[in-house]
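There are 2 protein chains.
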Amino acid sequence: MNKVLRKQMSSSQRALLELREKIFSGELAPGSDHLESELADQLNMSRTPVREAVLMLEGQGLLELRPRKGIRVVPLSPDDMQEIYDVLTELESLAAECAAKAMHKEEDLRRLSNAIDDMDVAIANNDLDAWADADDRFHTELVRLGGNSRVNSIVHMMSDQVRRARMTTLFMRPLPTKSNEDHRQVYDAIKNGDPQTARNTHRDHRLHAKTIIVELLKKHRLRFL
Amino acid sequence: MNKVLRKQMSSSQRALLELREKIFSGELAPGSDHLESELADQLNMSRTPVREAVLMLEGQGLLELRPRKGIRVVPLSPDDMQEIYDVLTELESLAAECAAKAMHKEEDLRRLSNAIDDMDVAIANNDLDAWADADDRFHTELVRLGGNSRVNSIVHMMSDQVRRARMTTLFMRPLPTKSNEDHRQVYDAIKNGDPQTARNTHRDHRLHAKTIIVELLKKHRLRFL
DNA sequence: GCATTTCATTGCGTATGCATTAAATGATGC
DNA sequence: GCATCATTTAATGCATACGCAATGAAATGC
Numbered sequence: 001m002n003k004v005l006r007k008q009m010s011s012s013q014r015a016l017l018e019l020r021e022k023i024f025s026g027e028l029a030p031g032s033d034h035l036e037s038e039l040a041d042q043l044n045m046s047r048t049p050v051r052e053a054v055l056m057l058e059g060q061g062l063l064e065l066r067p068r069k070g071i072r073v074v075p076l077s078p079d080d081m082q083e084i085y086d087v088l089t090e091l092e093s094l095a096a097e098c099a100a101k102a103m104h105k106e107e108d109l110r111r112l113s114n115a116i117d118d119m120d121v122a123i124a125n126n127d128l129d130a131w132a133d134a135d136d137r138f139h140t141e142l143v144r145l146g147g148n149s150r151v152n153s154i155v156h157m158m159s160d161q162v163r164r165a166r167m168t169t170l171f172m173r174p175l176p177t178k179s180n181e182d183h184r185q186v187y188d189a190i191k192n193g194d195p196q197t198a199r200n201t202h203r204d205h206r207l208h209a210k211t212i213i214v215e216l217l218k219k220h221r222l223r224f225l
Numbered sequence: 226m227n228k229v230l231r232k233q234m235s236s237s238q239r240a241l242l243e244l245r246e247k248i249f250s251g252e253l254a255p256g257s258d259h260l261e262s263e264l265a266d267q268l269n270m271s272r273t274p275v276r277e278a279v280l281m282l283e284g285q286g287l288l289e290l291r292p293r294k295g296i297r298v299v300p301l302s303p304d305d306m307q308e309i310y311d312v313l314t315e316l317e318s319l320a321a322e323c324a325a326k327a328m329h330k331e332e333d334l335r336r337l338s339n340a341i342d343d344m345d346v347a348i349a350n351n352d353l354d355a356w357a358d359a360d361d362r363f364h365t366e367l368v369r370l371g372g373n374s375r376v377n378s379i380v381h382m383m384s385d386q387v388r389r390a391r392m393t394t395l396f397m398r399p400l401p402t403k404s405n406e407d408h409r410q411v412y413d414a415i416k417n418g419d420p421q422t423a424r425n426t427h428r429d430h431r432l433h434a435k436t437i438i439v440e441l442l443k444k445h446r447l448r449f450l
């Protein structure tokens, strides 16, 4: 992340970004408790902007405020992941349907197809990080094309949570070589303006992904992430 | 709302509740701008707890922070309502499906059937407020039975938005006498453990409701609520 | 011992004041 | 008359201080 831009940022904004990073990097471990003053010291600022950032992160489901007990990084159980995937499944399928209805021109779908191509390359190179990155871009773009801003922000919130878990799960499973066929099917349906196929294909794809991940988490007893 | 309980509430909590009320009652009109200090004066407290409440309400999509321009009560266009209804449709249908899968005992479904009965009564009495109240309870309970906490909180957020609009639309349309048949069908499907019927019936019900409302808003040129 | 009360600690909630900065106003030059 | 820049104004962002209230420890009673 660009450190130069941060200089001219408000302290609350900086707190928000840096806390997010610390959460995603695992520097603030899931389930761990922290005091406002402790975080304020870490970030070299007073409690005020930290409180504001923490409040926002609570709203986003990343932190849990337990007065006098500590600010807790919310742990994710397999059940939580199931909940999250279920929401993602519904809302992304809706997005796929809407995107197909919208009859986008092929050039507007470029980022989508690029993401799919990148996943192919990543799989060929056995590059997990590149694959994860491209997969993110695919889903981000899909939801953007759906055109529902609320769906967009909810999906982004939930994807953040998934991202925390994926760090762990990504290295525990084989590369999803088959999943790109699904992606392409969804892409084609959107390009051809076929809402039902787009919706159903993506839905099945997501449902499948959900079972894989949740089983994996349960098998490895990853109760918290 | 219970004023006694509020006495022992933190100022931020009070700010949160009272601002919500002012927004829903229309005392703070959609599209209107307000200063932190202005709101603090209205609520008889300092800016600090107001800031915190405002931050949370921003996260819930009720307020929009525009530094040095004012805190704006977000206006809802017909397109916004469409977005919101689309999200509600997907997530409530999922909830209905899950509720049916869960095979709840009949006594656990009591609140659901009560809400349906109350709607019947309200319709017979031509009591709009009672109907709206029972309808709220039906949807709240449906989603609770679905058992997905994330779906729950998202649906509640979106329902808040719908409630703002309903104040207006409720008096512009005929009482939805037919809609209770749908509710009962959903109820039966859940009781009989038939996820697909529960899902599809509720989905159609919601899609239908969406068109009605959105058409109504568009026809009456209610660009903002 | 065990329960209960007291007390000290400390983390949080809130008020307050100052610093910052963006918007608005007026001044200056063209 | 218009554009640009300086100045003022005022709202926000942030640090700080203070008091309350909750927590845990120690002390007392049973």
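Top line first, the protein sequences correspond to chains A and B. Residue numbers are given in the numbering used here: position 212 of the first sequence equals residue 212, and the series is strictly consecutive. So the numbering used here is basically just the index in the second sequence, starting at one, shifted up by 225. Glycine included, each C-beta is placed from N, C-alpha and C at the ideal position.
Check the C-beta distance from residue i over to residue j and give it rounded, since I have them as a contact under 8 Å.
i: L288/B; j: V299/B; result: 6 Å
i: D194/A; j: A100/A; result: 6 Å
i: L274/B; j: S318/B; result: Position check: residue 274/B holds Pro in this sequence, whereas Leu was assumed. Rounded, the Cβ-Cβ distance is 39 Å, inconsistent with contact.
i: V411/B; j: H427/B; result: 5 Å
i: D385/B; j: N148/A; result: 18 Å between Cβ atoms; not a contact.
i: D41/A; j: R72/A; result: Between R72/A and D41/A the Cβ distance is about 18 Å, and since that is not below 8 Å, they are no contact.
i: V376/B; j: V387/B; result: Actually they do not touch by this definition, with Cβ atoms about 16 Å apart.
i: A165/A; j: L88/A; result: So it is not a contact: roughly 12 Å between Cβ atoms.
i: A209/A; j: T197/A; result: The Cβ separation is near 18 Å, so there is no contact.
i: I437/B; j: R398/B; result: 7 Å
i: K191/A; j: E106/A; result: 6 Å
i: A130/A; j: D118/A; result: 7 Å
i: F138/A; j: L109/A; result: Not really, about 11 Å apart at Cβ, beyond 8 Å.
i: G452/B; j: G59/A; result: Past the boundaries of the shown model lies residue 452/B; chain B is included only from 226 to 450, so the question cannot be answered.
i: E36/A; j: R14/A; result: Their Cβ separation, rounded to whole angstroms, is 16 Å, which puts E36/A and R14/A out of contact at 8 Å.
i: P30/A; j: L217/A; result: About 13 Å; that fails the 8 Å criterion.
i: R199/A; j: A96/A; result: 5 Å
i: L55/A; j: L280/B; result: 5 Å
i: C98/A; j: G146/A; result: 4 Å
i: L175/A; j: N126/A; result: 7 Å
i: F171/A; j: L128/A; result: 7 Å
i: L43/A; j: E18/A; result: 6 Å
i: I123/A; j: T177/A; result: 6 Å
Looking at the strands, I want to know which residues DSSP matches up with residue i.
i: V73/A; result: L63/A
i: H34/A; result: I71/A
At a CB-CB cut-off below 7 Å, which residues of chain A make contact with residue i?
i: L280/B; result: E52, L55 and M56
i: G284/B; result: M56 and G59
At a CB-CB cut-off below 8 Å, which residues of chain A make contact with residue i?
i: V376/B; result: E83, D86 and V87
i: L488/B; result: No answer is possible for residue 488/B: the residues shown for chain B start at 226 and end at 450.
i: I438/B; result: Going along chain A, no residue has its Cβ under 8 Å from I438/B, so there is no contact; the nearest lies around 16 Å.
Which two residues bound the contiguous alpha helix (DSSP H) that contains residue i?
i: S10/A; result: From DSSP, S10/A is part of no alpha helix (DSSP H); its letter is neither H nor E.
i: N425/B; result: P420 to K444
i: K416/B; result: S404 to K416
Which residues in chain B sit within 7 Å of residue i, going by Cβ to Cβ distance?
i: I71/A; result: Ordered by position in chain B, no residue passes the 7 Å Cβ test against I71/A, which lies about 14 Å from the chain.
i: L94/A; result: D311 and E315
Applying a beta-carbon distance threshold of less than 8 Å, which residues of chain B neighbour residue i?
i: T148/A; result: The sequence shown places Asn at residue 148/A, not Thr. Those within 8 Å of N148/A in chain B are E308, D311 and V312.
i: A154/A; result: Note that residue 154/A corresponds to Ile in the displayed sequence, not to Ala. Under the 8 Å cutoff, chain B gives V312 and I379.
Could you tell me which uninterrupted alpha helix (DSSP H) segments, each at least 4 residues in length, are contained entirely in the segment 90-172 of chain A, listed from first to last along the chain?
-> 110-125, 128-146 and 149-169
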